[in-house]
Amino acid sequence: MADAPYNVERHIALKRVSSVAASPDGAWLAVAVQRLDHAGAKYVSDLWKVPTDGSESTQLTRGDCKDGAPAFRRDGALGFLSNRLPNEVKPDDDADKRMQVWLLPAAGGEAQQLTDEPLGVDGFKFAKKADRLIVLAPVLAGVEADKQRETAKDRDKKGSSARHFRSQPVRHWDHWLHENENMANTHLIAYSFDGKDRADLTPGAKREMSVEPGFDVSPDGLQVAVTWQSAGADRETDTAIALIDVESTKMRIVGAATNSNTESPLYAPDGKTLAVIRATRSPTVVVRPTLTLIDVASGSMREVAKEFDAWPHIGDWSADGKRLYVGADIAGHVPVLMVEIASGKVERVTAIREGGAHSDLHVLADGRVAGIRSTFLEPPEAFVVTAKPGSPPQTLAHLSGFDDAAWAEVENLTAKSTDGADIQYFVMKPAPAGIKPGPKNAKGRLPTLLWIHGGPIGMTADAWHWRWNPLLAVAQGYLVVQPNPRGSTGFGQPFVQGIWGNVWGNQCYQDLMAVTDAIAARADVDADRMMAMGGSFGGYMTNWIGTQTQRFKCLITHACVTTMAQFTGTTDHPAWWYLEMGGEDPYADPAAYDRYAPIRHIKQWKTPALIIHGEKDYRCPIGEGLNLFEALQYHGVPSEMLVFPDENHWIMKPRNIVAWYDTVLGFIKRHLS
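With the sequence shown counted from 1, adding 28 to any position gets you our numbering.
Spelled out as structure tokens, the structure:
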């Protein structure tokens with residue numbers, strides 16, 4: 029629609045708040061904000077100063093580089109990661125464009141380069157009460173620091189690209205892992221606060237920190253806690269916490285257990301306790317992440333808030349160490365919660381009526397909590413909230429540039445499934461006094477889109493979504509339905525259990541049809557013009573829907589799963605797939621294993637379909653999309669395939685985002701008009 033209040037060009041032009049850090053005195057937040065570069069070809073990022081009293085924000089850094097991951101030094105200087113070039117380095121020396129730690133002095137002035145890691149920096153943290161800097165960085169084993177960059181470039185030019193594996197996993201999301209001695213591995217590096225006195229704390233590290241390591245530095249700067257990976261008995265990756273003495277580099281392991289993961293370490297203010305998220309893996313019982321405390325001295329563990337049945341996300345400690353502030357998935361929202369350490373009592377800080385999703389939490393010097401907040405109708409922005417139950421969050425700045433979405437409205441509803449369970453779903457549609465809806469039928473009913481979330485363990489939340497944003501469809505006059513079927517977090521562990529095992533096409537499908545029935549009965553919905561779409565697990569469910577019903581006019585499946593047994597050996601973490609499928613053996617009886625595989629029921633699929641895949645997607649490899657496309661073409665089903673050779677599980681590049689939305693909305697329009 030030419031007069032649509034929101035379109036994909038406006039969508040990609042919005043600024044994206046990605047992370048925040050709180051100054052030591054709590055007076056302001058450093059906020060990393062992504063934006064389009066001047067050519068509109070990629071996202072870069074700047075840093076902004078956002079006062080916590082609500083006064084005007086100011087921009088701290090500029091230029092077409094990536095300035096992000098802000099963190100304050102204890103003297104008030106602001107550290108951040110950047111791929112900007114030092115003045116003395118020529119732009120064609122691309123090796124020096126790798127990320128380094130930079131520093132904006134507390135007194136003001138130009139940013140100074142703090143580190144010069146030859147192969148770049150992946151992450152960093154300052155000690156809160158000491159002059160210590162810790163970084164995560166790739167390092168070539170056995171090569172002197174001053175020869176790392178030259179050696180890496182030489183090996184890239186002259187060496188083999190072969191990767192020789194002896195165990196899984198071999199890939200992760202969109203890149204290959206390795207076991208090669210001549211390739212770099214992630215190490216922990218210690219510096220003094222001014223970027224001097226470099227010391228490698230993990231000189232012998234190999235694959236122990238190869239997959240998304242998390243770490244924290246003790247307040248006194250004498251110890252580092254980092255997730256330490258090893259092969260589990262179930263062939264999935266176990267993670268424990270390695271405690272490393274900064275002076276001696278001696279290491280000891282805490283939080284270890286068979287077939288378990290201990291993640292997200294965060295030191296208490298006194299440095300004596302670590303807060304972590306722990307979960308145990310099983311093919312019969314779905315994982316249950318728990319908030320756990322580890323005594324640093326003894327290694328003993330204690331679960332906090334045992335009766336709290338929600339999936340927590342660690343935020344920050346109170347200054348006195350008596351409370352933890354966390355986020356958690358609860359009934360389609362992610363509120364700020366306050367957990368009393370002594371009693372395990374959990375209280376909701378952000379008011380229920382405010383809804384929304386809250387993340388990247390930081391406790392300010394005055395006790396308030398700051399972070400990032402968004403809703404379906406509000407892009408991510410920095411916020412603060414008083415640390416008392418039922419408090420309204422206050423948005424501090426409107427850095428995104430998004431106009432008011434008064435032209436859209438949201439409903440939070442439930443439908444009864446076949447087993448009596450309540451299935452939550454959100455409806456987004458044009459507001460009565462908002463935009464002129466799209467092509468209605470003669471009775472004024474709206475064409476409707478069913479959007480199915482991925483995971484399957486996850487949740488459609490009252491949160492802004494950059495990749496699948498329903499407002500772009502609502503702006504075209506569609507009604508969008510976003511359900512939380514079986515397997516969704518936020519509704520208790522038994523509800524999550526409902527997707528565990530080789531049951532994907534079972535109750536979850538019934539839940540989705542129950543929601544569809546409820547929607548079809550609405551007076552404002554045209555039941556003859558409905559479509560369904562989803563990504564990842566949502567793509568699988570879209571495929572399963574295609575083989576089970578013809579009630580939808582068209583289907584769109586993104587990054588999908590089409591096979592089941594065959595998928596086992598091609599996904600990036602096959603050991604996890606065995607667990608998800610209840611420990612069944614896909615090699616013993618592939619036909620039985622494939623009972624819910626869409627490919628086995630492909631003859632029943634009659635609905636026109638659009639298949640979308642990124643070629644660098646190793647979680648749900650492109651073979652799944654290609655298998656489906658060929659099967660539909662062979663059986664004469666109207667079908668199209670959209671491929672992004674340079675994208676992974678998600679479509680991230682600005683112009684590819686435009687192509688994705690244009691193709692998706694165009695396909696929907698053709699079939700629902």
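All C-beta atoms in this analysis are idealised placements derived from N, C-alpha and C, irrespective of residue type, glycine included.
Under the three-state DSSP convention, the category residue i falls into
i: Thr308; result: strand
i: Lys631; result: helix
i: Pro465; result: Because the pLDDT of Pro465 is 49, which lies under 50, any placement of that residue in the model is unreliable, and the number read from its coordinates should be weighed accordingly. Three-state DSSP puts Pro465 in coil, outside helix and strand.
i: Met669; result: strand
i: Ala470; result: Model confidence at Ala470 stands at a pLDDT of 49, short of 50, so the residue's coordinates are unreliable; what they give is reported in the following sentence. Three-state DSSP puts Ala470 in coil, outside helix and strand.
i: Asn512; result: strand
i: Gln504; result: coil
i: Gly232; result: coil
i: Asp690; result: helix
i: His386; result: strand
i: Gln196; result: coil
i: His493; result: coil
i: Phe695; result: helix
i: Asp184; result: helix
i: Leu700; result: helix
i: Pro119; result: Confidence at Pro119 is low in this model, with a pLDDT of 45, below 50, so its placement is unreliable and the value that follows should be read with caution. Coil.
i: Val397; result: strand
i: Asn27; result: The structure shown does not extend to residue 27, since the chain is modelled only from 29 through 701, so no value can be given for it.
i: Pro522; result: helix
i: Tyr615; result: coil
i: Arg381; result: helix
i: Pro626; result: helix
i: Val36; result: helix
i: Asp145; result: Position check: residue 145 holds Glu in this sequence, whereas Asp was assumed. In the structure shown, Glu145 sits in coil (DSSP, three-state: anything other than H, G, I, E or B).
i: Lys175; result: helix
i: Leu88; result: coil
i: Pro498; result: coil
i: Leu42; result: coil
i: Gly418; result: coil
i: Met279; result: strand
i: Asp202; result: coil
Contact belief for residue i with residue j at Cβ below 8 Å, rounded distance in angstroms
i: Arg126; j: Gly148; result: 3 Å
i: Glu145; j: Ala165; result: 4 Å
i: Asp298; j: Gly349; result: 6 Å
i: Ile702; j: Asn512; result: Since the first residue shown for the chain is 29 and the last is 701, residue 702 is missing from the structure and cannot be characterised.
i: Ile40; j: Pro682; result: 5 Å
i: Val274; j: Leu250; result: 5 Å
i: Arg309; j: Thr320; result: In fact, because the Cβ distance is near 15 Å, the residues do not count as touching under 8 Å.
i: Val686; j: Val36; result: 5 Å
i: Val671; j: His641; result: 6 Å
i: Pro498; j: Trp479; result: 7 Å
Residues bridged to residue i [DSSP beta-bridge criterion]
i: Tyr71; result: Leu64
i: Gly486; result: Ser516
i: Leu109; result: Gly96 and Val129
i: Ala706; result: It is not possible to answer for residue 706, since the shown part of the chain is limited to 29 through 701.
i: Trp256; result: Ala268
i: Leu294; result: Ala303
i: Tyr219; result: Leu161
i: Gln140; result: Leu131
i: His677; result: Note: His677 sits in no beta bridge, so no partner.
Among the options, nearest to residue i - alpha-carbon criterion
i: Lys278; options: Ile650, Pro666 and Val252; result: Val252
i: Pro52; options: Phe411, Ala158, Val36 and Gly486; result: Ala158
i: Gly562; options: Thr590, Glu375, Ala542 and Pro247; result: Thr590
i: Phe454; options: Asp447, Asn440, Ala212 and Asp357; result: Asn440
i: Ala99; options: Tyr34, Pro133 and Phe672; result: Pro133
i: Leu302; options: Thr476, Phe243, Glu643 and Thr286; result: Phe243
i: Val313; options: Val377, Gln525, Lys634 and Tyr621; result: Gln525
i: Ser238; options: Glu368, Asp248 and Trp204; result: Trp204
i: Pro421; options: Leu75, Leu365, Ile584 and Leu670; result: Leu365
i: Phe523; options: Arg514, Val531, Gly104 and Asn530; result: Arg514
i: Ala555; options: His192, Lys581 and Gly505; result: Lys581
i: Pro340; options: Glu236, Ala379, Gly486 and Asp323; result: Gly486
i: Ala625; options: Gln594, Gly694, Tyr606 and Arg183; result: Gln594
i: Ser428; options: Ala436, Asp95 and Glu409; result: Glu409
i: Ala489; options: Val438, His390, Gly384 and Glu84; result: Gly384
i: Glu668; options: Ile679, Asn676 and Leu656; result: Leu656
i: Phe430; options: Phe404, Lys444 and Pro417; result: Phe404
Could you pull out every unbroken beta strand (DSSP E) segment of at least 3 residues lying fully inside the segment 543–609, listed in chain order?
553–563 and 582–586
Hey, which unbroken runs of the beta strand (DSSP E) at 3 residues or more fall wholly within the segment 307–376?
318–323, 329–331, 339–345, 351–357, 364–368 and 374–376
Quick check for students: name the residue ranges of the beta strand (DSSP E) that lie wholly in the segment 435–462, counting only runs of 3 or more.
436–444 and 450–458
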